[in-house]
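For the sequence shown, this note's numbering assigns the number 688 to the last residue and increments by one with no breaks.
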Amino acid sequence: MTDQAVDRGGARLAAPAAPDAQFLGRTRELKELRADIERAGLDTIAGRKAPRARVLLIAGRPGSGRTALAAELVRRVAADYPDGVLRARLTEPDGTPVPVERTARELLTALRLPTPAGAAEDDLSHALRTALAERRMLLLLDDAPGAEEVDALLPDTPDCLAVAVSGGPLTGISDVRPCTLGGLDTKSAVELLARYTGSVRITVDPRSAEALVEVCQGHPAALTLAGGWLAARPQVAVSDLAKRLHADADDSSALTRLFRFVHDQLPAQAARILRLLSLAPAGLVDPHTASALAGCSVDTARVTLDELVRLGLLHVAPSALPQYEVPGCLHPLIRAMAESQERPGELQLARARMLERTVRLLQSCRAITETDNPQAREKLQALPRELRFPTPRAAADWLRARRPALLSAARAAVADGELDTLARRLMAQLVKAMVAHFGTRAAAPDLYGIHRLVLDVAERRDLPREQAAALLNLGDLDAQTGRTGDALVRYRSALDAGRRANDPYATARAMESVGGAHQELGDYDRAADWFGRALAQRLARDERAEAARLYGRIAGAHTYAGRYGEALRAWRAAVSGHRKNGDVAAQARALSELARVQEYAGRPEESLRTCQEAVEWARRAEDARLQAALQLRLADTLERLGDSTAASLHRAAAERMLGEEAQASSDPDSDPEQGANTYEIRTGPGED
1 MTDQAVDRGG ARLAAPAAPD AQFLGRTREL KELRADIERA GLDTIAGRKA
51 PRARVLLIAG RPGSGRTALA AELVRRVAAD YPDGVLRARL TEPDGTPVPV
101 ERTARELLTA LRLPTPAGAA EDDLSHALRT ALAERRMLLL LDDAPGAEEV
151 DALLPDTPDC LAVAVSGGPL TGISDVRPCT LGGLDTKSAV ELLARYTGSV
201 RITVDPRSAE ALVEVCQGHP AALTLAGGWL AARPQVAVSD LAKRLHADAD
251 DSSALTRLFR FVHDQLPAQA ARILRLLSLA PAGLVDPHTA SALAGCSVDT
301 ARVTLDELVR LGLLHVAPSA LPQYEVPGCL HPLIRAMAES QERPGELQLA
351 RARMLERTVR LLQSCRAITE TDNPQAREKL QALPRELRFP TPRAAADWLR
401 ARRPALLSAA RAAVADGELD TLARRLMAQL VKAMVAHFGT RAAAPDLYGI
451 HRLVLDVAER RDLPREQAAA LLNLGDLDAQ TGRTGDALVR YRSALDAGRR
501 ANDPYATARA MESVGGAHQE LGDYDRAADW FGRALAQRLA RDERAEAARL
551 YGRIAGAHTY AGRYGEALRA WRAAVSGHRK NGDVAAQARA LSELARVQEY
601 AGRPEESLRT CQEAVEWARR AEDARLQAAL QLRLADTLER LGDSTAASLH
651 RAAAERMLGE EAQASSDPDS DPEQGANTYE IRTGPGED
């Protein structure tokens, strides 16, 4: 079975875990859940085969140990599901439901299945159900906000099992019996305390330990905080803590009282850092995030985070890098404490510091990939040492580990609306870093979401130039995933925005893209017309290289339409333009296309002469692959002209050239027809 993990914040596919020595109690609940798996469903009783996966529901308040129980159940039954375990968290730490589209995309990625950029929620959830229909898998759906989010992900097969964790019933999903959790039994709760305090402190005063369990109501999260606080104070008796908590008893929950007590006992700086962690995107924290939020050194932040882990206020996140997560059950308590004790202006300043630090880290992450660029090296050396990455691999690892937090930071910054300048800088640098490390194709789904965020900000701030850039990028991604109609709408909107911005680059780019969409849709007349409009823009600005390339696109549209005369004239103009620009490689390619159209037009002798000329220019350009392709075209033309001997010689030459190039790796992202496309947020020609 595959052992693969997708970073937290989405989903993951994992092999069965080893037996968890940390799991305590819940014997009755586990027995009931196992029995629930084995029992016949209502459909089976009625004589029908169950149409969908069975859902087991573990319900309880946050911090009740519901996720731990679900994980233990999954571990125990995983062997019955040989295709693996899929895990997803359906709610953000701040309580916001995760969109089904995002969860389905992450689960498909964990299964190593394609997730087209910009695909609709229904398409992705259908693809997920289709993929799971042929598998026997376990799904662990944590923090489910409601039945709708669970139902959209359920496989259409009884061979799979879904274990859902929620705060209440999943009304709307049939045949679900909740396993509702209360507190731990006293014996297990006392043992949990002993793991923090040591057995001696419990053994010498067992009644106080039981009293503390009673004050904590057997709540695992509350017991963890109590145990962590006692572990940090070995001189304090268990009875002292039990008495203090009993004296402070009020109508709030045990977890709220314990959190408030532990928070108030923290040093002032540590307490402030803890409160500001409520702003950490996706609940994920690294030392840089904490340092920026609190305005302290990275070393101070690192020491404080480790101390908060020991107190049970943070968890160490599963990551190859130092990273922590705010427990979901504590997030609303930390946020409420921050809102009551920090001024709104201070919270906004902390957000701004965090976003600024993130922008600089992303700049460094991208710059380390440009070691052959003197300007990039200079910028990198100008950064403080703690913001620099030692190697491109280290930068890629950081980007991969922090991806959920970075995307969450972008979404939060846009939703905030008060830090749009920082949000735009963050998204621009995030796009550039992802393209540099992952490539445009691999990063396309994330890029689509980022460009939509850019569009939101641009529309809100009435920034037509950035609207045009975002719409062009979104249109390109739509076009590459086969949604040509949607792309055409985006390109037309980009053209309107470019005209409002009086941006000739965006306008010409949009005109060309509109033409490309029409060509893809088979409307070659409109394609040639729009390419011609874009050409007029380029000629007016004396952009000769772009003009020569557009002559080629016009020729291509005429060729598809069978208008070979117009195509030949356009290709000759392209050849002339590339020759004047001194672009030898482009001239060779244009001559190659001219020869091809001449052959289509029934002029084999002209095609032969043009092809021979193209071979010479391809040789000067040192383009071996183009030379080989031209040699094959010469061979085909000579065959049609009846010179089989010469054709054999050219074919042999092509095979020799291709053999020499067999070891050369091709660039999967290169495409001459897409030369104008960009995945960066560009607001003008040549802007970096």
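All C-beta atoms, glycine included, are put in the ideal place defined by N, C-alpha and C. Just so you know, these numbers come straight off a predicted model, no measurement behind them.
P51 and A152 have their C-alpha atoms roughly 14 Å apart. Ranked by Cα distance from L550, the first of A646, I450, Q537 is Q537. Three or more beta-carbon pairs drawn from the region 414 to 431 and the region 359 to 369 are found closer than 8 Å, and the two stretches are therefore classed as touching. Between the region 441 to 454 and the region 101 to 121, the count of C-beta pairs closer than 8 Å reaches three or more; the two stretches touch. For T96, the three-state secondary structure derived from DSSP is coil. Secondary structure note for V584: its alpha helix (DSSP H) is the uninterrupted segment 584 to 600. The C-beta distance from L161 to L56 rounds to 7 Å, short enough to meet the 8 Å contact threshold.
By the Cβ neighbour-count rule, E134 is exposed, with fewer than 16 other Cβ atoms within 10 Å of its own. Scanning the region 85 to 150 from its first residue to its last, the whole alpha helix (DSSP H) runs of 4-plus residues come out as 100 to 110, 121 to 132. In the structure shown, the three-state DSSP call for Y81 is coil. When the beta-carbon positions are compared, S513 and L472 come within less than 8 Å of each other. For the 8 Å CB-CB criterion, V615 and L638 do not form a contact. For the pair of segments examined, the region 82 to 92 was found to touch the region 138 to 158: the number of CB pairs separated by less than 8 Å reaches three. Rounded to the nearest whole angstrom, the CA to CA distance from G552 to R619 is 21 Å. Across the structure, A352 and A534 are spaced so that their CA atoms are roughly 41 Å apart.
For I368, no beta strand (DSSP E) segment is defined, and its DSSP state is neither H nor E.
Residue environment for A506: buried (at least 16 other C-beta atoms within 10 angstroms of its C-beta). Proximity of the region 208 to 224 to the region 280 to 298 falls short of the contact definition, fewer than three beta-carbon pairs being nearer than 8 Å. As the crow flies, the alpha-carbon of D623 is around 14 Å from that of E613. Of the other Cβ atoms in all chains shown, 16 or more fall within 10 Å of the Cβ of K432; this residue is therefore buried. In this structure the region 202 to 211 does not lie against the region 168 to 178, because fewer than three pairs of beta carbons, one per stretch, are closer than 8 Å. Secondary structure at T180: strand, using DSSP grouped into helix, strand and coil.
Counting the other CB atoms within 10 Å of its CB gives T645 a total below 16, which places it among the exposed residues. Here the region 67 to 79 lies against the region 21 to 40, with 3 or more beta-carbon pairs under 8 Å apart. For R483, the closest alpha carbon among the candidates A53, P97, A59, D123 is that of D123. The alpha-carbon of D397 is positioned some 37 Å away from that of G498. Taking the Cα positions, W571 is about 27 Å away from D643. For R54, the uninterrupted beta strand (DSSP E) run begins and ends at 54 to 59, by DSSP.
Boundaries of the beta strand (DSSP E) harbouring L161: 161 to 166, taken from the DSSP string. Here L230 is actually not in contact with L274; their C-beta atoms are around 18 Å apart, not less than 8 Å.
The Cβ atoms of E307 and A270 lie closer than 8 Å to each other.
Bridge pairing for Y491: absent [DSSP]. The three-state secondary structure of E325, taken from DSSP, is strand. Looking at the DSSP output, V285 shares a beta bridge with Y324.
Ranked by Cα distance from P62, the options P327, A120, D251 are led by P327.
Exclusion of the five residues before and after A401 leaves D7, S319, A320, L321, Q323 as the residues of its chain whose Cβ lies within less than 7 Å of its Cβ.
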